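Structure, as structure tokens:
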Amino acid sequence: MVDPFEVADASYLVLVNRLGQHSLWPEVIDVPAGWRVVFGGGERQACLDYVEANWADITPTAS
14 MVDPFEVADA SYLVLVNRLG QHSLWPEVID VPAGWRVVFG GGERQACLDY
64 VEANWADITP TAS
């Protein structure tokens, strides 16, 4: 079985939750409740680059 979170040539999204935490998410899987799309669909590396550029402090923000 292929892990959809590890497919190099799949299309991904970058999600953010209410605490400002980011997640790389396969576009073929429904976005979970409490998360919103902020980037993508795009190549895995483009999404990783977005996360690196936009999530400098991994400390959750106040809810």
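Numbering-wise, the sequence shown is residues 14 to 76 according to our numbering. All C-beta atoms in this analysis are idealised placements derived from N, C-alpha and C, irrespective of residue type, glycine included. These figures come from a predicted structure and were not determined experimentally.
Judged by beta-carbon spacing, Gly-54 lies beyond the 8 Å limit of Leu-32, meaning their Cβ atoms are not closer than that value. With 16 or more other Cβ atoms from the protein chains shown falling within 10 Å of its own Cβ, Phe-52 counts as buried.
Under the DSSP assignment, Leu-61 falls outside any beta strand (DSSP E), being part of the alpha helix (DSSP H) whose first and last residues are 57-67. Looking at the DSSP output, Leu-28 bridges to Ser-36 and Val-50. With respect to the C-alpha of Gln-58, the residue from Asp-22, Val-41, Asp-70 and Val-29 having the closest C-alpha is Asp-22.
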